[in-house]
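Sequential numbering from 1286 applies to the sequence shown in the working numbering. C-beta: ideal position from N, C-alpha, C; glycine also.
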Amino acid sequence: MSKVRDWIPRSVAFGFAIFAYVTLVVFRPLLLGAWGHGFPYGIMSHLQWVSNVGYQFVWFHWNPAHMLAITFFFATSLAAALHGGLILSATNPQKGEPVKTPEHEDTFFRDSIGYSIGTLGIHRLLLYLALASGFFSAVCIVISGPFWVGNWQDWWGWWLELPIWNYPIDGSLYPTMKPYESS
């Protein structure tokens, strides 16, 4: 039974990678109606495609799914770097000292930040962060074009339409506040 449980996370992670790839080369071109919108092969053509998609939607980094994907990519990198640094510090002791065990690592984090995710937990966290970054990358590129054709800065206009911005600025809503007086 343990062998089955071992391959499930790997197959799910591989499935997310396949999903992201198929999104770029099949789903998005089908939704846009031309295979030319697909992801090209090769280093320079890939960079040119990324640049052109960015220019096509003007402020592409304002895409909310892109923001989430980049956040998860950076969080994955930071967590992996911290984990690697902890492993290196535990397995590379000073001369004459024994190699530290995972219990020492857990104790360090419990003492310093009050919580330790554990040896299995950090790998699960890294898996979930990486899967989220791949998923939101696929969502990001699918909604750019088939579902949103304008620039992404205009999409955020809904924020300015919220009722919270309709309050009067003369202080009549809050009688204890004095209105702003210009000199």
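Using 8 Å as the threshold, is the C-beta distance between residue i and residue j below it?
i            : j            : result
residue 1441 : residue 1433 : no
residue 1410 : residue 1354 : no
residue 1474 : residue 1436 : A query on residue 1474 cannot be resolved here, the shown segment of the chain reaching from 1286 to 1468 and no further.
Which residues does DSSP list as the beta-bridge partners of residue i?
i            : result
residue 1433 : 1429
Taking the continuous alpha helix (DSSP H) assigned at residue i, which residues delimit it?
i            : result
residue 1314 : 1313 to 1317
residue 1323 : Note, residue 1323: premise wrong, no alpha helix (DSSP H); not H, not E.
residue 1339 : 1328 to 1341
residue 1370 : 1349 to 1376
residue 1397 : 1387 to 1398
Shortest alpha-carbon distance to residue i belongs to which of the options?
i            : options                   : result
residue 1296 : 1390, 1416, 1327 and 1337 : 1416
residue 1313 : 1333, 1338, 1332 and 1300 : 1338
residue 1389 : 1320, 1403 and 1353       : 1403
residue 1429 : 1320, 1361, 1326 and 1347 : 1347
residue 1305 : 1294, 1450 and 1426       : 1426
residue 1322 : 1328, 1422 and 1310       : 1310
residue 1393 : 1374, 1421 and 1380       : 1374
Are there 16 or more other CB atoms within 10 angstroms of the CB of residue i, so buried, or fewer, so exposed?
i            : result
residue 1302 : exposed
residue 1407 : buried
residue 1399 : exposed
residue 1423 : buried
residue 1299 : exposed
When every heavy atom of the ligand HEM is checked, does at least one fall within less than 7 Å of the C-beta of residue i?
i            : result
residue 1292 : As for the ligand HEM, it is missing from this structure, which has no ligand bound.
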